[in-house]
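Colleague:
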Amino acid sequence: MKFILTPQQWILADLDPIEWQFLDLLPHVASGEDFSSDCQRRLYPDPIDVPAAERPKFAELVQDWDDYVRPDLQSDFTQARDQVSRDLALALARDAGFEFEADDEDDGEEDDWEFDFDEGDEDLEEPEDWDEEDEEGEDDDGEVPTQLIVDRSSAEAWYSTLNQARLLMNEAYDLAEAEERLSWGANGPTGEMNIEPARLYLLAQYDFYTALQSILIEAMMRIRDESEEE
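Per our numbering, residue 1 is the first one in the sequence shown, and the count goes up by one each step.
#1: Taking the Cβ atom as the reference point for each residue, do A91 and I149 lie within a distance shorter than 8 Å?
#2: Decide yes or no for the touch test of the segment 158-174 against the segment 203-218: beta carbon pairs closer than 8 Å, at least 3 of them.
#3: If I'm right that A219 touches A155 with Cβ under 8 Å, what's the distance once you round it to whole angstroms?
#4: When the distance is taken between beta carbons, is W10 closer than 8 Å to R152?
#5: Kindly indicate which three-state DSSP category Q147 falls into: helix, strand or coil?
#6: Any idea what DSSP makes of F3, helix, strand or coil?
#7: On the premise that A30 lies in contact with A165, defined as a C-beta separation below 8 Å, what is that separation, rounded to the nearest angstrom?
#8: In the DSSP output, which residue or residues are listed as bridge partners for A204?
#9: What separation, rounded to the nearest whole angstrom, lies between the Cα atoms of L61 and P47?
#10: Please state whether the Cβ-Cβ distance between Q83 and Y159 is less than 8 Å.
#11: Quick check on L12: does DSSP put it in helix, strand or coil?
#12: Give me, in chain order, the residues of the same chain whose beta-carbon lies closer than 7 Å to that of W65; leave out the 5 immediate sequence neighbours on both sides.
#13: Give me the Cα-Cα distance between D140 and A96, rounded to the nearest whole angstrom.
#14: So L167 and R42 are supposed to be a Cβ contact under 8 Å. How far apart are they, rounded?
#15: Do L15 and P145 have their CB atoms nearer than 8 Å?
#16: Which complete alpha helix (DSSP H) runs does the segment 78-104 hold, if anything under 4 residues is left out?
#17: If I follow the unbroken alpha helix (DSSP H) through P17, where does it start and stop?
#18: Pick helix, strand or coil for A59, following the three-state DSSP scheme.
#19: Which value, in whole angstroms, describes the spacing of the CA atoms of L12 and G32?
#20: Compute the beta-carbon to beta-carbon distance between T161 and P27, rounded to the nearest angstrom, for a pair I have assumed lies under 8 Å.
#21: Going by Cα to Cα distance, which pick from Y209, D225, E226 is closest to D24?
#22: Assign S75 to one of three DSSP states: helix, strand, or coil.
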């Protein structure tokens with residue numbers, strides 16, 4: 001997969017089917033619908049960290065949090081996921097042959113930045129219980145988009161959605177500091193490691209979101225620096 005930053009857009013090019021699958025699942029994963037209420041609370045941490053006996057002292061603060069801050073966070077998160085869903089839908093439309101004027105805006109302009117990285121997932125297998133008929137984003141021929149074009153203005157929405165997904169996944173499956181993940185190194189898992197296919201899939205999905213989020217951070221910094229120079 002390649003990440004390309006152009007004057008108007010950022011692009012994920014040369015997507016493998018499994019990379020597209022991870023992208024396609026992103027809004028749903030980030031929504032938290034498949035996670036327990038305890039995991040979902042990870043997105044809205046308690047505003048105070050004090051012993052239970054002292055909590056009554058902060059009742060007003062907690063109430064203000066629930067009344068004002070939490071609804072704003074929920075609204076922001078939902079808007080970010082909706083933007084990601086729209087971008088993915090546009091990628092499917094482009095792959096189906098629809099053309100959009102915005103696709104040609106950067107023609108002839110030099111790319112600002114390109115990053116080519118290998119997620120190490122070429123040899124990954126889907127979990128044995130994965131149902132291909134349930135996969136979203138595929139056409140009747142089983143083909144998936146190999147490119148995703150996103151306006152620069154949507155970078156923060158993608159960053160937010162990736163962060164939501166990673167927080168929920170780590171809370172549910174303990175992935176960030178997982179021994180399997182830390183031991184396989186930068187080049188991905190080896191054949192010698194004994195990891196259940198479903199667990200391997202989750203680790204690869206989490207690593208993919210982590211890598212993309214890191215690239216987006218650098219892209220957003222570049223965009224911010226350009227805006228300050230103008």
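Virtual Cβ for every residue (Gly too), placed ideally from N, Cα, C. Bear in mind that the values here come from a model prediction, so they are computed numbers and not experimental data.
Modeller: Let me lay it out:
#1: Yes, the pair counts as a contact, with Cβ atoms nearer than the cut-off.
#2: With the rule of 3 Cβ pairs closer than 8 Å, the segment 158-174 counts as touching the segment 203-218.
#3: So it is a contact: roughly 6 Å between Cβ atoms.
#4: A contact, by the Cβ cut-off of 8 Å.
#5: Three-state result, Q147: coil.
#6: Judged by DSSP in its simplified three-state form, F3 adopts strand.
#7: Between A165 and A30, the beta carbon gap of about 4 Å places them in contact (Cβ cut-off 8 Å).
#8: Residue pairing by DSSP places A204 opposite no residue, since no beta bridge is assigned to it.
#9: Those two C-alpha atoms are separated by around 8 Å.
#10: Between Q83 and Y159, the CB-CB gap reaches or exceeds 8 Å.
#11: In the structure shown, L12 falls within a strand segment according to DSSP collapsed to helix, strand and coil.
#12: Annotation for W65: P47 place their beta carbon closer than 7 Å to its own, counting only its chain and skipping 5 residues before and after.
#13: Because D140 sits at a pLDDT of 44, beneath the cut-off of 50, its placement in the model cannot be relied upon, and the following sentence gives the value as read from the coordinates. The C-alpha of A96 is placed about 11 Å away from the C-alpha of D140.
#14: Indeed they touch by this definition, with Cβ atoms about 5 Å apart.
#15: In this structure, the beta-carbon distance from L15 to P145 falls below 8 Å.
#16: Qualifying alpha helix (DSSP H) stretches: none in this window.
#17: Unbroken alpha helix (DSSP H) run through P17: 17-31.
#18: The three-state reading of DSSP puts A59 in helix, counting H, G and I together.
#19: Distance between the alpha carbons of L12 and G32 is about 25 Å.
#20: T161 to P27, Cβ: 7 Å. Contact.
#21: Here the closest residue by C-alpha is Y209.
#22: DSSP places S75 in helix when its eight states are reduced to three.
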